[in-house]
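Have a look at the structure below before the remarks.
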Amino acid sequence: MRRLAAETRLHAADLVLPLFVKEGLSEPAPIASMPGQVQHTEASLRDAVADAARAGLGGVMLFGIPAERDATGSAGDDPDGILQRGIRIAREAVAAVEGETGRPGPVVMADTCLDEFTDHGHCGVLTTDPAGEQVVDNDATLERYAAMAVAQARAGAEVVAPSGMMDGQVAVIRDALDDAGFTDVSVLAYSAKYASAFYGPFRDAVDSALQGDRRTYQMDAANSREGLREADLDLAEGADMVMVKPAGTSLDVLRGVADRSDVPVAAYQVSGEYAMIEAAAAHGWIDRRGAVLESVLAIKRAGADVVLTYWANEIAEWIK
Ligand code: PBG
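By numbering that gives the first Met the number 0, the letter at position 12 of the sequence shown is numbered 11, and the numbering carries on one by one without gaps.
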């Protein structure tokens with residue numbers, strides 16, 4: 000009866016697995032604050048994407064960790080940069096499994112942001128404001144995002160995902176993709192992205208060099224109307240999908256965005272949400288499987304069509 004009456008269900012096809020690929024790595028490197036997750040080598044990324052394809056996931060979201068960082072994040076749009084290499088590998092791995100199984104594999108998505116590529120760790124390029132402070136230069140950053148998105152599309156990304164919260168990023172990326180002929184590449188906009196302590200473990204995952212914080216461009220957790228407004232702006236700029244993040248602390252915003260969006264709505268269950276459940280479960284303080292399933296079900300119940308979660312493969316296995 001509970002099964003029959005359930006309003007919300009989890010499907011593998013609704014889940015997207017975030018994956019990290021690091022340049023110059025010889026063995027996969029465990030991420031200490033995210034037990035069970037690793038920084039991949041190019042070879043282990045291929046296997047991980049193949050596993051995601053066999054699990055029937057809807058997508059994979061790739062993050063690249065370059066060997067060299069600089070002020071403008073030049074590795075981010077290098078045609079041979081680590082993220083572009085990872086995208087090519089992921090597309091090959093998906094195609095191989097599609098050939099084996101005859102079923103459609105996961106969509107290959109790429110994070111379109113500079114923080115993994117800059118030596119200061121900010122999501123954009125910096126400038127000095129009139130008061131002498133170092134700040135992120137919104138419009139100069141947009142040019143970098145446009146170049147990154149095109150490089151990612153050339154490498155085979157089917158979805159680019161601007162996550163830097165610069166104003167106008169969706170419109171600029173859409174134009175750049177269209178001008179380069181990539182009219183079919185979709186934009187998944189991180190629309191309502193809060194400045195959050197829950198991204199902490201992600202800093203380990205990408206060896207982040209962040210100096211300062213991201214509060215000048217990511218949103219204040221105090222605000223929910225602002226999240227709706229950010230989503231409206233991205234929809235007007237042509238986003239093909241909008242995202243709310245972190246998921247677990249923004250379920251109200253997620254519901255609000257889902258109620259007004261006419262495109263699919265995604266939510267990102269972030270590194271800190273993952274780490275909390277893993278840590279409590281490791282102590283025997285919480286039922287791991289129950290907590291994982293409940294947390295993702297709640298995100299879907301709040302209105303997410305698509306959930307990015309580090310547990311995607313495992314959940315797909317459980318619900319098979
Ligand atoms: C930016 C980006 C971040 C995450 C996804 N994309 C870090 C940030 O904005 O500080 C965080 C994801 C997570 O914590 O799991 N490239």
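Beta carbons: idealized from backbone N, C-alpha and C, even for Gly.
Item, Value
"First through last residue of the alpha helix (DSSP H) which encompasses ASP219", "Note, ASP219: premise wrong, no alpha helix (DSSP H); not H, not E."
"Of the listed residues TRP284, GLU277, HIS282, ASP177, nearest to THR308 (C-alpha basis)", "GLU277"
"Start-to-end residues for the beta strand (DSSP E) that takes in TYR267", "264-267"
"Assumed close pair MET60, MET108 - CB separation to whole angstroms, cut-off 8 Å", "5 Å"
"Cut-off 8 Å between Cβ atoms - residues of its own chain near ALA139, not counting five sequence neighbours on either side", "GLY123, VAL124, THR126"
"Buried versus exposed call for PRO103 [16 or more other C-beta atoms within 10 Å across all chains shown]", "exposed"
"Residue range of the beta strand (DSSP E) that includes ALA188", "185-192"
"Three or more C-beta pairs below 8 Å linking the segment 71-91 and the segment 153-166", "yes"
"Pick from GLU67, LEU250, VAL106 that is closest to ILE86, judged by C-alpha positions", "VAL106"
"The segment 233-246 contacting the segment 173-190, beta-carbon criterion three pairs below 8 Å", "yes"
"Option in ASP114, LEU24, ARG53 with minimal Cα separation from SER207", "ASP114"
"Best match in VAL37, MET33, LEU16 for proximity to ALA279 [C-alpha to C-alpha]", "MET33"
"THR111 and MET165 closer than 7 Å at C-beta", "no"
"Reduced DSSP category for ALA170 - H, G, I as helix; E, B as strand; rest coil", "helix"
"8 Å contact criterion, which PRO65 and PHE19 should meet: CB distance rounded", "Not quite, the Cβ-Cβ distance comes to about 12 Å (not below 8 Å), so this is no contact."
"Segment contact, 8 Å Cβ cut-off, at least three pairs: the segment 193-206 with the segment 172-181", "no"
"For ASP233: DSSP bridge partner residues", "Paired residue(s): none; ASP233 is not in a bridge."
"Near the ligand PBG: TYR193 beta-carbon under 6 Å from a heavy atom", "no"
"PHE322 beta carbon near the ligand PBG (any heavy atom closer than 6 Å)", "Absent from the model: residue 322. The displayed extent of the chain is 0 to 319, so no value can be given."
"Under the three-state DSSP convention, the category PRO200 falls into", "helix"
"Distance cut-off 6 Å: SER190 Cβ against heavy atoms of the ligand PBG", "no"
"Of the residues GLN168, GLU236, GLN36, GLY226, the one placed nearest PRO17, counting alpha carbons only", "GLN36"
"ASP110 CB to nearest heavy atom of the ligand ATP below 6 Å", "Looking for the ligand ATP in the displayed structure turns up nothing; the ligands present are the ligand PBG."
"Residue interval of the beta strand (DSSP E) (run including ALA51)", "Where ALA51 is concerned, there is no enclosing beta strand (DSSP E), although the alpha helix (DSSP H) it sits in stretches over 41-53."
"Assigned secondary structure, THR140 (DSSP; H/G/I helix, E/B strand, else coil)", "helix"
"Heavy atom of the ligand PBG within 6 Å of TYR198 beta-carbon", "yes"
"Those residues which DSSP pairs with ILE64 across a bridge", "LYS21"
"Per-residue burial, ASP118 [other beta carbons within 10 Å of its own, 16 or more giving buried]", "exposed"
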